[in-house]
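>
2 protein chains.
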Amino acid sequence: MKEIESAFVEERRNRILSIIREKRRITVKELGRLFTISDVTIRQDLNALSSAGLIVRTHGGALYMENNSEELPFPLRRQKKKKEKETIAEAAAEFVKDGEVIYLDSSSTASFMVPYLAEKHEITVITNNIETAYQLSKLPQVSIILSGGMVRKETFSLVDAPLSCILPEGNISKAFLGAWGLSLKEGLTDVNLKEIAVKRDALLRAKRVFVLVDSTKWGRVSFKNFAGFNEVDIIITDAGAPVDTIRALTNRGVKVITVKVQH
Amino acid sequence: MKEIESAFVEERRNRILSIIREKRRITVKELGRLFTISDVTIRQDLNALSSAGLIVRTHGGALYMENNSEELPFPLRRQKKKKEKETIAEAAAEFVKDGEVIYLDSSSTASFMVPYLAEKHEITVITNNIETAYQLSKLPQVSIILSGGMVRKETFSLVDAPLSCILPEGNISKAFLGAWGLSLKEGLTDVNLKEIAVKRDALLRAKRVFVLVDSTKWGRVSFKNFAGFNEVDIIITDAGAPVDTIRALTNRGVKVITVKVQH
DNA sequence: AAAAGGAAATGAAAGAAATCGAAAGTGCAT
DNA sequence: ATGCACTTTCGATTTCTTTCATTTCCTTTT
Numbered sequence: 005m006k007e008i009e010s011a012f013v014e015e016r017r018n019r020i021l022s023i024i025r026e027k028r029r030i031t032v033k034e035l036g037r038l039f040t041i042s043d044v045t046i047r048q049d050l051n052a053l054s055s056a057g058l059i060v061r062t063h064g065g066a067l068y069m070e071n072n073s074e075e076l077p078f079p080l081r082r083q084k085k086k087k088e089k090e091t092i093a094e095a096a097a098e099f100v101k102d103g104e105v106i107y108l109d110s111s112s113t114a115s116f117m118v119p120y121l122a123e124k125h126e127i128t129v130i131t132n133n134i135e136t137a138y139q140l141s142k143l144p145q146v147s148i149i150l151s152g153g154m155v156r157k158e159t160f161s162l163v164d165a166p167l168s169c170i171l172p173e174g175n176i177s178k179a180f181l182g183a184w185g186l187s188l189k190e191g192l193t194d195v196n197l198k199e200i201a202v203k204r205d206a207l208l209r210a211k212r213v214f215v216l217v218d219s220t221k222w223g224r225v226s227f228k229n230f231a232g233f234n235e236v237d238i239i240i241t242d243a244g245a246p247v248d249t250i251r252a253l254t255n256r257g258v259k260v261i262t263v264k265v266q267h
Numbered sequence: 005m006k007e008i009e010s011a012f013v014e015e016r017r018n019r020i021l022s023i024i025r026e027k028r029r030i031t032v033k034e035l036g037r038l039f040t041i042s043d044v045t046i047r048q049d050l051n052a053l054s055s056a057g058l059i060v061r062t063h064g065g066a067l068y069m070e071n072n073s074e075e076l077p078f079p080l081r082r083q084k085k086k087k088e089k090e091t092i093a094e095a096a097a098e099f100v101k102d103g104e105v106i107y108l109d110s111s112s113t114a115s116f117m118v119p120y121l122a123e124k125h126e127i128t129v130i131t132n133n134i135e136t137a138y139q140l141s142k143l144p145q146v147s148i149i150l151s152g153g154m155v156r157k158e159t160f161s162l163v164d165a166p167l168s169c170i171l172p173e174g175n176i177s178k179a180f181l182g183a184w185g186l187s188l189k190e191g192l193t194d195v196n197l198k199e200i201a202v203k204r205d206a207l208l209r210a211k212r213v214f215v216l217v218d219s220t221k222w223g224r225v226s227f228k229n230f231a232g233f234n235e236v237d238i239i240i241t242d243a244g245a246p247v248d249t250i251r252a253l254t255n256r257g258v259k260v261i262t263v264k265v266q267h
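Residue numbers (my numbering), protein chains in the order written: chain C, 5 to 267; chain W, 5 to 267.
1. Are there 16 or more other CB atoms within 10 angstroms of the CB of C/K264, so buried, or fewer, so exposed?
2. Which residues in chain W have a C-beta closer than 7 angstroms to the C-beta of C/K157? List them in chain order.
3. Quick one: residues in its chain with C-beta nearer than 7 angstroms to the C-beta of W/K89, no 5 flanking neighbours on either side, listed in chain order?
4. Along chain W, which residues have their Cβ under 7 angstroms away from the Cβ of C/L76?
5. Would you kindly work out how many angstroms separate the C-alpha atoms of C/A122 and C/S226, rounded to a whole number?
6. Alpha carbons only, please: which of W/S187, W/L35, W/I250 is nearest the one belonging to W/A66?
7. How about C/F230: is its C-beta nearer than 8 angstroms to some C-beta of chain W?
8. Using beta carbons (cut-off 8 angstroms, strictly below), is C/M154 in contact with chain W?
9. Return the chain-ordered list of same chain residues with a C-beta closer than 6 angstroms to the C-beta of W/I46, the five sequence neighbours on each side being excluded.
10. Can you confirm whether C/S112, when its beta carbon is compared against all beta carbons of chain W, has any partner nearer than 8 angstroms?
11. For the structure I just gave you, are there three or more beta carbon pairs, one from the segment 139–148 of chain C and one from the segment 181–192 of chain C, closer than 8 angstroms?
12. Along the beta strand (DSSP E) that carries W/F230, what are the first and last residues, could you check?
13. Kindly list, in the order they appear in chain W, the residues whose Cβ is closer than 9 angstroms to that of C/S147.
14. Look up W/S73 in the DSSP assignment and say whether it is helix, strand or coil.
15. Hey, does W/V60 have any beta-carbon neighbour from chain C nearer than 8 angstroms?
16. So for W/R61, helix, strand or coil by DSSP?
17. Taking DSSP as the reference, what is the three-state secondary structure of C/F214?
18. Considering only residues of the segment 162–206 of chain C, which uninterrupted alpha helix (DSSP H) runs meet the minimum length of 4 residues and lie entirely inside it, listed in chain order?
19. Candidates C/R224, C/L188, C/L76, C/R29: which alpha carbon is nearest C/H63's?
20. Does W/G153 pass the burial test, meaning 16 or more other C-beta atoms within 10 Å, or should it be called exposed?
21. 8 angstroms is my cut-off, CB to CB: does C/L150 come that close to chain W?
22. Can you find the residues in the same chain that come closer than 8 angstroms, C-beta to C-beta, to C/L253, ignoring five residues on each side of it along the sequence?
23. Just verifying my parser: in three-state terms, what is the DSSP assignment at W/V265?
24. On the DSSP bridge assignment, give the partners of W/M154 in chain order.
25. Output needed in chain order: residues of the segment 8–22 of chain C with a Cβ under 9 angstroms from some Cβ in chain W.
26. Say whether chain C places a C-beta atom closer than 8 angstroms to the C-beta of W/R25.
27. Which residues of chain C have a Cβ atom closer than 7 angstroms to the Cβ of W/A165, listed in chain order?
28. Anything in the segment 23–55 of chain W with a Cβ closer than 8 angstroms to a Cβ of chain C? List those residues in chain order, please.
29. Taking the beta carbon of C/S133 as the centre, do at least 16 other beta carbons fall within 10 Å, making it buried, or is it exposed?
30. What separation, rounded to the nearest whole angstrom, lies between the Cα atoms of C/Q145 and C/H125?
31. So with Cβ pairs under 8 angstroms, would you call W/L162 a contact of chain C?
32. For C/F78, tell me which candidate among C/I170, C/T91, C/E135 has the shortest Cα-Cα distance.
33. According to DSSP, W/I92 sits in a beta bridge with which residue or residues?
34. Output the distance between the C-alpha atoms of C/G57 and C/R25, rounded to the nearest integer angstrom.
35. List the residues of chain C whose Cβ lies closer than 8 angstroms to the Cβ of W/H63, in chain order.
36. Mind pulling the chain C residues with CB within less than 8 angstroms of W/L67?
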């Protein structure tokens, strides 16, 4: 850690706060050396931060205040096939190029893409999922657009509002959509009518459409179709998807990518 | 950095603002040299910018905040005058009747209304704040509509999308808005232009407009006005608001409610 | 468990820098 | 010239940091 030249009180306290946030603990002595400043002054700083409720004061130093974590506690959903979904998401994220505008729908597989977007630069992500937007907000170089609408409390997704409000048409370069079921005959299907409306909205505006489905989705049919295969560019799935269906799709001009999952 | 010749006050202050925005920090001395002007004048400039909420004043200089997510994130903003804000919010919640459609803006005071909405029945809440929407989602009998738009990471609020998209016009019965400053001359003012646009949008659609401001907001003026008092129905504040200003507002037909805070 | 030793915290005071308030000065436009 | 807005001067006050003496807290020893 290098020395830090003299600065305003507020600056120094902000610095101290982020050091503590990072290292979880710090001593007065360390800080004194770091800022080349007297211990008494450091103590004043720590006391100020402590009485603002930002850190916990201890003898000789301070600790990061845990409870103060500004995390929104989204309920943990037990994820089936989590490893597969993560691998699919990772493969999907490879298609995202710097500067692009992409759409992530409210499916769990698409939301797993978030961590893999951390290295991209200047991308814009449009989504209708509140949790996805929240997770994305931790990535500084990502602009986020959340579609508006009625909140579906079960999934924290937004429905009942047309995307057209939020953005001019056709400027999504890639849309990443999940599906409840995928079958040759019925195409892509999903359960909730309102979610379907949003999916279609995104799909129609996207230049390229990616469908992310783990192998359990193959051959299943749900309530309502939301897209035919002619509207899809690339399907990403894991090994376990039926080979003959994949071949049939390839013949129809859909690219199918099968990822291998490490166990 | 080259010298800058004499200019109008406004020009100079704009210059100062953009310098600070670029360098993130500046000292009075530096600015004094730069403009070949006395330190006292520079201090006046900095104080003006600071009381408009555009910079943060420190001893010996100033810092730029806002974009820097470190500074006053939503959770910390909520801690200031928490008790007052809660009491104001409680009083505001009394005005919400079963079955109504209300709007809560992205102010911390409005977000404190959430717990007090738990006993209402069949209400619909529209908001542009992600955290408020999240807290509301725990209340089963509340329908939530989140405005869409670009996510402002500092405040978890949504901007840049017209409310008209999400909902047919004029059907908000009551809007509850915060403000950065309130003064007789300048009306209601706030710092961020995009937030202001959203506030105005809500205000114009609401049948009745409530403004929630703790006593520290009185007499302050920020960058831009978002409403005149003729557009406001009720102001709710805590004891500590200047009595003569309250009287003047009452004469202008604005109802001002002052809550008492238990300590 | 009590006492000693040392590190850390506190309070008071002092010095330097920055700030504030009020009065005086400047320059521009009428 | 007069008024007005802005700037400066100057002394009083405040803020920040440090020093030093004293007290408190923690650890180790007995």
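Every residue, glycine too, gets a C-beta built ideally from N, C-alpha and C.
Taking the structure as given:
1. If you number the first sequence from 1, residue 264 of chain C lands on position 260. Under this definition C/K264 is an exposed residue.
2. The residue you call residue 157 of chain C lines up with position 153 of the first sequence. Neighbours of C/K157 on chain W, chain order: S141.
3. Your numbering for residue 89 of chain W matches position 85 in the second sequence. Hits under 7 angstroms: S112, T113, F116, D218.
4. Taking the first residue of the first sequence as position 1, residue 76 of chain C is located at position 72. What C/L76 touches in chain W: E135, Y138.
5. For the purposes of this step, residue 122 of chain C is taken as residue 118 along the first sequence, with counting starting at 1. For the purposes of this step, residue 226 of chain C is taken as residue 222 along the first sequence, with counting starting at 1. Near 34 angstroms, if we compare the C-alpha coordinates of C/S226 and C/A122.
6. Position 62 of the second sequence, counted from the start, is the residue given in the question as residue 66 of chain W. The option with the nearest alpha carbon to W/A66 is W/L35.
7. Your numbering for residue 230 of chain C matches position 226 in the first sequence. False, the Cβ-Cβ gap to chain W never drops below 8 angstroms.
8. As a working note, residue 154 of chain C is residue 150 in the first sequence. So yes, C/M154 belongs to the interface.
9. Along the second sequence, one-based indexing puts residue 46 of chain W at 42. Only V32, L35, G36 meet the Cβ criterion.
10. Taking the first sequence and counting its residues from 1, one reaches residue 112 of chain C at position 108. Closer than 8 angstroms: no.
11. no
12. One-based indexing of the second sequence puts residue 230 of chain W at position 226. Bounds of the beta strand (DSSP E) holding W/F230 are 228–231.
13. Along the first sequence, one-based indexing puts residue 147 of chain C at 143. Residues of chain W passing the Cβ test: M154, V155.
14. Taking the first residue of the second sequence as 1, we reach residue 73 of chain W at position 69. In this prediction, W/S73 has a pLDDT of 35, which is less than 50 and means its spatial position is unreliable; nothing more can be read from the coordinates.
15. Within the second sequence, residue 60 of chain W is the residue found at index 56, counting from 1. Interface residue, yes.
16. The count along the second sequence starts at 1 and reaches residue 61 of chain W at position 57. DSSP places W/R61 in strand when its eight states are reduced to three.
17. On the first sequence, position 210 is the one that residue 214 of chain C refers to. Looking at C/F214 - three-state DSSP - the assignment turns out to be strand.
18. List check, alpha helix (DSSP H) in window: nothing returned.
19. As a working note, residue 63 of chain C is residue 59 in the first sequence. Looking at C/R224, C/L188, C/L76, C/R29, the one whose alpha-carbon comes closest to that of C/H63 is C/R29.
20. Looking up residue 153 of chain W in the second sequence gives position 149. W/G153 comes out buried.
21. Numbered from 1 along the first sequence, position 146 holds the residue referred to as residue 150 of chain C. Yes, because at least one Cβ of chain W sits closer than 8 angstroms to the Cβ of C/L150.
22. Walking along the first sequence from the start, residue 253 of chain C turns up at place 249. Here the set comprises L188, F233, I239, V260.
23. The count along the second sequence starts at 1 and reaches residue 265 of chain W at position 261. Coil at W/V265, not helix or strand.
24. Numbered from 1 along the second sequence, position 150 holds the residue referred to as residue 154 of chain W. According to DSSP, W/M154 bridges with C/I149, W/V163.
25. A11, F12, V13, E14, E15, N18, L21, S22
26. The count along the second sequence starts at 1 and reaches residue 25 of chain W at position 21. No, W/R25 does not count as interfacial toward chain C.
27. Locating residue 165 of chain W in the second sequence gives position 161, where the first residue counts as 1. What W/A165 touches in chain C: G152, C169, I170.
28. R29
29. As a first step, residue 133 of chain C is located in the first sequence; it is residue number 129 there, counting from the start. Reading off the sequence, residue 133 of chain C comes out as Asn, not Ser. Buried, by the Cβ-count rule.
30. Indexing the first sequence from 1 puts residue 145 of chain C at position 141. Indexing the first sequence from 1 puts residue 125 of chain C at position 121. The alpha-carbon atoms of C/Q145 and C/H125 are separated by roughly 6 angstroms.
31. By 1-based counting over the second sequence, the position of residue 162 of chain W is 158. Interface residue, yes.
32. As a working note, residue 78 of chain C is residue 74 in the first sequence. Per the Cα distances, C/E135.
33. If you number the second sequence from 1, residue 92 of chain W lands on position 88. The partner list for W/I92 (beta bridge, DSSP) is empty, contrary to what the question assumes.
34. Here the question's residue 57 of chain C lines up with position 53 in the first sequence. Here the question's residue 25 of chain C lines up with position 21 in the first sequence. Roughly 13 angstroms between the two C-alpha positions.
35. For the purposes of this step, residue 63 of chain W is taken as residue 59 along the second sequence, with counting starting at 1. F12, V13, listed in chain order.
36. As a first step, residue 67 of chain W must be located in the second sequence, where it is residue number 63. F12, E14, E15, listed in chain order.
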